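K.L.:
The following block contains the structure, expressed as structure tokens.
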Amino acid sequence: MPSHDIFAALRTRVVDALAALLPELPPEAFARVLVEPPRDPSHGDMATNGALVVGKAAKQAPPKLAAALAEKLAALPEVESASPAGPGFVNLRLRESFLRAQLPVILDAAERYGDGATGAGRRVDVEYVSANPTGPMHVGHCRGAVVGDALANLLAKAGYDVTKEYYINDAGAQVQALGYAAYWRYLQALGTRMTEEEYAQLVPGGLQYRGEYLIPVGEALRERFGDSLATRDEIHGIGMAGPDHWLATVREFTVARMMEAIREDLAALGVVQDVFISEAQLVREGKLEQAEALLAAKDLIYRGVLEPPKGKTPEDWEPREQTLFRATQFGDEVDRPLRKSDGSGTYFANDIANHLHKIERGFDELVHVWGADHGGYVKRMQAAVAALSDKRVPLDVVLTQIVHVVKDGQPVRMSKRAGTYITLRDLIDEVGRDAVRFTMLTRKSDAQMEFDLDKVVEQSRDNPVFYVQYAHARCRSVLRQAEDPAPGSLAEAPLEVLTDAAELALIRRLVQWPRTVEAAALAREPHRIAFFLHDLASDFHVLWNRGREDTTLRFIRAEEPEATRARLALVAATATVIRSGLAVMGVTPVEEMR
RNA sequence: GCGCCCGUAGCUCAGCUGGAUAGAGCACGCGCCUUCUAAGCGUGGGGCCGCAGGUUCAAGUCCUGCCGGGCGCGCCA
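If you count by this note's numbering, then the first sequence holds residues 276 to 869, one letter each, in order.
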């Protein structure tokens, strides 16, 4: 697949020119050569630091080398002019004909425009959401879901072979507690006379998950199992049977129900993952023991006692021997426990099993999206993956910060106990899936964000969701009025009539789409797509507004059919790139504003 | 106490893995908008990039130390 990135193309030209000027330099001397848009547009369309970065190796003064490089580059067919500048930059101004010639490229590639080769088909597993299946999804899960999904789409666009994965934490104490909570609703469905507090007394660790969402699960248990999981007693009519008799059954049943609900919630958000990996199943299959044996074979496991955390010793701290993983050999601060002092596995051990499973499935890279409260686990997990894969497989962790929901200018307090937390479904119902997804991507993921329920549905330029959608709707409106000409016919339009500064500014933005995709993918930062689309929308709105003042700049002019076709090509290309960006974000482009 | 993340215009945030004179929106000032594309448009002011050192031809970006905020810190997940 040919790269659409004209910056990459020109970089090749620059490196060729430098190599011709400096034949004695080895190819790796050019590794740091960049061709980028300059911050200041008055410097031209592209700038390269080529003379600067090879100056030392070539033993030449960068300004002098820049002058020689500029002379060579000025002779290129794509280049209008090239001039040395500053401490050794070369500024390039591209021929407008070359810029305009990108429009047919965009129209021809359609939404594949910007697809990159960066990933080179490498298999990457993106794990995200992975909420405990103990209740419905709430806004706290939402950001991770959107960021993970968009990141996976972004990596796919950049040429990776992507798997979207959900890891079901269905093996721990919390799921046990869920089983007891669902069983309570089951007893209620059977008509027990026991009170909730009486029941809670019987539950190890107390009754958690008292939310009403388990009532239908209790009903379903009754329908499925009748009263066979309970006992009869004189006082309550229906009572609790021994957990051995029912707990595993109820737990599995309930987890299945919760996962069903979670999948529905995710689907409502437009998130559909490829694989769901069950922690409990990995444990059953002995993956933990396999991982432990593998690490033991590499001499990375030992029995030992950890130091108490420096400065802050927990009150009940006492030295105990545990099974430890030598995380310090892979850059972590301390070695980490695989087994508790009673010999049972830690959560970390199960996670190692999960990662072994990923590595065995043959992924080249692993990516996780975690809440920021898990930041302390990044290093140990990277250490474990490095150990398991002999440092072959990199693990990147993207952390997402908390989202504060605001309504009517007031923060919406979230409390599970008080039952005031907002479910994901509530949020989608209130503002719509597209607004949720777009807004979640308008901040760097590791920065806290405010989600203002009123602002995200506001129809004004302050609202980036609206602003970008409006640009697309305007494009579509124009194309509809022109009776949707085929892209092929537009690609042959006489593009040389596109000479206005606003038209060229828009083209200059469009051609940056491929490199934006690549940079965002490498940085694992899907929010950059949202910012790019905002800038693109802005360029388009500017052009639209120019047409208000100067009617000769309108897209459709009956008296100039050829110029109209050229402008429609520009509009169609703009719509294509907006759609392409929205597709990465998982946002549906709208045809018209209502 | 230790580790990680963050600190950029009055506010909310970008800043393209080290490039030239640090950007956008909001807010503020001024001008425009009876009509052809106005759920507005144009234009202007506004900054010791938390502080102090260091590396570099070049630092908001990398390193060190402080200050301030968030998160985490054996047998929770």
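For glycine and all other residues, C-beta sits at the position ideal for the given N, C-alpha and C.
As the structure is a computational prediction, the values presented were derived from the model and not from experiment.
In chain order, what residues of the same chain have a beta carbon less than 7 Å from the beta carbon of Arg460, not counting five sequence neighbours either side?
P.N.:
Taken in chain order, the residues that qualify are Leu489, Ile490, Val492, Gly493.
K.L.:
What is the rounded straight-line gap between the Cα of Lys439 and the Cα of Gln723?
P.N.:
Distance between the alpha carbons of Lys439 and Gln723: 25 Å.
K.L.:
Relative to the alpha-carbon of Val399, which residue among Phe638, Arg578, Thr393 has its alpha-carbon at the smallest distance?
P.N.:
Ranking Phe638, Arg578, Thr393 by Cα distance to Val399 puts Phe638 first.
K.L.:
Going along the chain, which residues of its own chain have a beta-carbon closer than 8 Å to the beta-carbon of Arg497, five neighbours each way excluded?
P.N.:
Only Tyr461, Ala464, Leu465 meet the Cβ criterion.
K.L.:
Just to confirm before moving on: does the CB-CB distance between Gly410 and Gly486 stay below 8 Å?
P.N.:
Cβ atoms of Gly410 and Gly486: closer than 8 Å.
K.L.:
Roughly how many whole angstroms lie between the Cα atoms of Phe807 and Trp788?
P.N.:
Spanning the two alpha carbons is a distance of roughly 8 Å.
K.L.:
Answer with buried or exposed for Ala643, where buried requires no fewer than 16 other C-beta atoms within 10 angstroms of its C-beta.
P.N.:
At residue 643 the sequence reads His, which differs from the Ala that was named. So His643 ends up on the buried side.
K.L.:
Within the region 402–471, note down every full alpha helix (DSSP H) run reaching 4 residues or more, in order along the chain.
P.N.:
Qualifying alpha helix (DSSP H) stretches, in chain order: 414–432, 448–464.
K.L.:
In the DSSP assignment, the alpha helix (DSSP H) including Thr717 goes from what residue to what residue?
P.N.:
It is not in any alpha helix (DSSP H) - Thr717 carries neither H nor E in the DSSP assignment.
K.L.:
Measure the C-alpha to C-alpha separation of Pro408 and Asn444 and round it to an integer number of angstroms.
P.N.:
Taking the straight line from one Cα to the other gives about 7 Å.
K.L.:
Quick check: the region 276–295 against the region 318–337, are there 3 or more CB pairs under 8 Å?
P.N.:
Contact between the region 276–295 and the region 318–337 is present, because at least three Cβ pairs lie under 8 Å.
K.L.:
Rounded to whole angstroms, what is the Cα-Cα separation between Ser356 and Arg751?
P.N.:
Distance between the alpha carbons of Ser356 and Arg751: 36 Å.
K.L.:
Measuring alpha carbon to alpha carbon, tell me which residue in Thr827, Val450, Gly514, Ala395 is nearest Ser553.
P.N.:
With distances taken between Cα atoms, Ser553 lies closest to Val450.
K.L.:
Can you tell me which of the three DSSP states Trp819 falls into?
P.N.:
Trp819: helix per DSSP, three-state reduction.
K.L.:
Just mark Pro337 as buried or exposed, buried being the case when its beta carbon has 16 or more other beta carbons within 10 Å.
P.N.:
Looking at its Cβ environment, which holds 16 or more other Cβ atoms inside 10 Å, Pro337 is buried.
K.L.:
What residue range is occupied by the uninterrupted alpha helix (DSSP H) comprising His643?
P.N.:
Careful: His643 lies outside any alpha helix (DSSP H), inside the beta strand (DSSP E) at 640–646.
K.L.:
Going by Cα to Cα distance, which pick from Ser764, Phe741, Asp729 is closest to Asp709?
P.N.:
Checking every option, the nearest Cα to that of Asp709 belongs to Phe741.
K.L.:
Report the rounded CA-to-CA distance for Glu834 versus Glu758, giving the unit in angstroms.
P.N.:
The straight-line gap from Cα to Cα measures roughly 17 Å.
K.L.:
Just reading off the beta strand (DSSP E) that Met868 is part of, what are its end residues?
P.N.:
Counting along the chain, Met868 falls outside any beta strand (DSSP E), and DSSP gives it neither H nor E.
K.L.:
Mapping DSSP to helix, strand and coil, what is Lys654?
P.N.:
Reduced to three states, the DSSP call for Lys654 is helix.
K.L.:
So what does DSSP say about Asn366, is it helix, strand or coil?
P.N.:
If DSSP states are grouped into helix, strand and coil, Asn366 belongs with the strands.
K.L.:
Which same chain residues end up closer than 7 Å to Val731 when comparing Cβ atoms and leaving out the 5 residues on each side of it in sequence?
P.N.:
These residues qualify, in order along the chain: Val706, Ala710, Thr714, Asn738, Val740.
K.L.:
For Pro864 and Leu382, I'd like the C-alpha separation in whole angstroms.
P.N.:
Straight-line Cα distance between these residues: approximately 17 Å.
K.L.:
For Tyr577, does the count of other Cβ atoms within 10 angstroms reach 16, so buried, or fall short, so exposed?
P.N.:
Looking at its Cβ environment, which holds fewer than 16 other Cβ atoms inside 10 Å, Tyr577 is exposed.
K.L.:
Hey, could you find the ends of the alpha helix (DSSP H) Ile831 is sitting in?
P.N.:
Taken as a continuous stretch (DSSP letters only), Ile831 belongs to no alpha helix (DSSP H), as it is neither H nor E.
K.L.:
From which residue to which residue does the beta strand (DSSP E) around Gly325 run?
P.N.:
Looking at the DSSP string, Gly325 is not in any beta strand (DSSP E); the run it does join, the alpha helix (DSSP H), is 325–333.
K.L.:
Could you pull out every residue in the same chain whose Cβ sits closer than 6 Å to the Cβ of Lys719, ignoring the five residues on either side in sequence?
P.N.:
Contacts found: His802.
K.L.:
If we count the other Cβ atoms within 10 Å of its Cβ and call it buried at 16 or more, is Arg692 buried or exposed?
P.N.:
Legend: pLDDT at Arg692 = 48, less than 50; position of this residue unreliable, value from coordinates given subsequently. By the neighbour-count rule (16 or more Cβ atoms within 10 Å), Arg692 is not buried but exposed.
K.L.:
Between which residues of its own chain and Val653 is the CB-CB distance below 6 Å, once the five residues before and five after are set aside?
P.N.:
Excluding residues within five positions, the ones whose Cβ falls inside 6 Å are Val672.
K.L.:
Val255 to Lys633, Cα distance in whole Å?
P.N.:
Here the chain has residues from 276 to 869 only, and residue 255 is not among them.
K.L.:
Using CA atoms only, rank isn't needed, just tell me which of Tyr745, Ala516, Leu296 is closest to Tyr455.
P.N.:
When only C-alpha atoms are compared, the closest one is Ala516.
K.L.:
Say whether the region 411–425 touches the region 361–380, bearing in mind that this needs 3 or more beta-carbon pairs closer than 8 Å, one atom from each stretch.
P.N.:
Not touching, per the Cβ criterion.
K.L.:
Tell me which residue opens and which closes the alpha helix (DSSP H) that Val609 is part of.
P.N.:
Per DSSP, Val609 belongs to no alpha helix (DSSP H) and is neither H nor E.
K.L.:
Give the secondary structure of Val380 by DSSP, where H, G and I count as helix, E and B as strand, and everything else as coil.
P.N.:
Three-state DSSP puts Val380 in a helix.
K.L.:
Find the nearest neighbour of His679 within the set Val668, Leu670, Leu569, Ile697, judged by alpha-carbon distance.
P.N.:
Residue Ile697 is the option with its Cα nearest to His679.
K.L.:
Classify His747: buried if its beta carbon has 16 or more other beta carbons within 10 angstroms, exposed otherwise.
P.N.:
Its Cβ being crowded by 16 or more others within 10 Å, His747 is buried.
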